[in-house]
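A quick write-up on the structure given underneath.
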Amino acid sequence: MIIRIESAEALKGIINKAENLLVYFYNNNCAPCLSLRPKVEELIKSRFPLMDMVYIDASQFPELIAEYHAYSHPVLIFFFEGKEYLRYSKYVSMAELSDSIGRIYDLYHLPN
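The sequence shown begins at 3 in our numbering and counts up one residue at a time.
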């Protein structure tokens, strides 16, 4: 599910509530951000359907960019149970991303 935030405080609440969450920091003037976003969205929807996603526009929330040290774009931060687990920035391999997320995601969601 894609979650829209209205304030910086809302992101903290979402991180604390979500079992698994992708926070995607981007800038609309960033070519890699624009080309990577639909690929990441498709990966999450198809391979990790129980993962929530939040998109953060750097121009709207500069305080979040500083707080999460997301100075280059795109930055993808994966949280599991409110704790940062993975961080990727700039150019991302989709295969590596899928494998890395899958390791912990599958622990949470595959039947024992």
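Quick reminder that beta carbons are idealized off the backbone N, C-alpha and C, glycines included.
| Asked | Found |
| --- | --- |
| DSSP state of LEU38 mapped onto helix, strand, coil | helix |
| Nearest to ALA72 (by Cα), restricted to the options ALA20, ILE7, MET3, VAL25 | VAL25 |
| VAL42 versus ALA60, MET3, LEU109, PHE82, residue with shortest Cα-Cα distance | MET3 |
| Beta-carbon contacts of PHE63 that lie in its chain and below 7 Å, excluding the five residues immediately before and after | ALA10 |
| Extent of the continuous alpha helix (DSSP H) run through ARG105 | 96-111 |
| ASN22, DSSP secondary structure in three states | strand |
| C-alpha distance - TYR1 paired with GLU86, whole-angstrom precision | Any answer about residue 1 is impossible in this case: the structure gives the chain only from 3 up to 114. |
| TYR93 beta carbon less than 8 Å from that of PRO34 | yes |
| Straight-line gap, MET53 to ARG39 (C-alpha atoms, nearest Å) | 15 Å |
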